[in-house]
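Just so you know, this note's numbering puts 36 at position 34 of the sequence shown, and the rest follows in order with no gaps. The C-beta atom is built at its ideal place from N, Cα and C for all residues, glycine as well. Small disclaimer: the values here were computed from a predicted structure and weren't measured. For reference, the structure discussed in these notes is given below.
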Amino acid sequence: MKTIDPYIQKTYEGYDDRVLVFMSRVYEDVKEQNAKINNYFFVTLDLLANQLLLYFRALDAINADASLSTEDSYKRQAKSPQIAILNHAHQEIIKILDDYGLSPFASAKINRLKNGDNDEDAETLLDNLVN
Numbered sequence: 003m004k005t006i007d008p009y010i011q012k013t014y015e016g017y018d019d020r021v022l023v024f025m026s027r028v029y030e031d032v033k034e035q036n037a038k039i040n041n042y043f044f045v046t047l048d049l050l051a052n053q054l055l056l057y058f059r060a061l062d063a064i065n066a067d068a069s070l071s072t073e074d075s076y077k078r079q080a081k082s083p084q085i086a087i088l089n090h091a092h093q094e095i096i097k098i099l100d101d102y103g104l105s106p107f108a109s110a111k112i113n114r115l116k117n118g119d120n121d122e123d124a125e126t127l128l129d130n131l132v133n
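This is how it looks when you write it as structure tokens:
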């Protein structure tokens with residue numbers, strides 16, 4: 003298993019190990035792209051960690067229940083509320099990763115633009131990601 007940075011362990015103490023491992027990778031990628039993590043990145047990275055925690059908790063609840071539906075107060079079948087939480091957290095995680103250029107699509111677009119497809123757009127895109 004990958005070692006987790008002590009800063010990550012301290013910052014996200016009490017979080018699921020899957021969140022710690024993922025956040026370690028994100029911090030490494032952000033540092034690699036930007037040389038250092040600026041103070042204003044921390045708020046967004048904390049939001050990412052919280053969304054990951056919600057995602058994993060909802061996923062664990064769905065897996066433990068082994069059901070995608072539940073009964074409402076009138077004994078009617080209804081979609082499990084964990085599914086909505088899972089879907090919303092997933093959408094937010096993708097948005098944050100895209101903002102940092104950490105999704106496969108965003109990375110490919112940045113690399114394509116860096117390699118000369120349109121240098122002005124690459125600089126604008128990178129500036130938007132960093133700022």
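With DSSP collapsed to three states, give me the class of residue i.
| i | result |
| --- | --- |
| E73 | strand |
| K97 | helix |
| K12 | helix |
| A80 | strand |
| D48 | helix |
| Y102 | coil |
| I6 | coil |
| A68 | coil |
Report back the beta-carbon spacing between residue i and residue j to the nearest angstrom; my notes put them in contact at under 8 Å.
| i | j | result |
| --- | --- | --- |
| S71 | A80 | 6 Å |
| Y29 | V21 | 12 Å between Cβ atoms; not a contact. |
| Y102 | V32 | 6 Å |
What do you reckon, are the CB atoms on residue i and residue j nearer than 8 Å?
| i | j | result |
| --- | --- | --- |
| Q93 | I64 | no |
| L54 | I95 | yes |
| S26 | I6 | yes |
| L50 | I87 | no |
| D18 | F44 | no |
Would you say residue i faces chain B, with C-beta separation under 8 Å as the test?
| i | result |
| --- | --- |
| K81 | Reference to chain B is not applicable here, since this structure consists of a single protein chain. |
Report the partner residues of residue i according to the DSSP bridge assignment.
| i | result |
| --- | --- |
| A86 | In DSSP, A86 forms no bridge with anything. |
Say the cut is 7 Å; is the CB of residue i nearer than that to a heavy atom of the ligand MN?
| i | result |
| --- | --- |
| V23 | This structure simply doesn't include the ligand MN, nor any ligand for that matter. |
task = Quick one: which unbroken alpha helix (DSSP H) runs of 4-plus residues sit fully inside the region 18-44? Chain order, please.
result = 19-36
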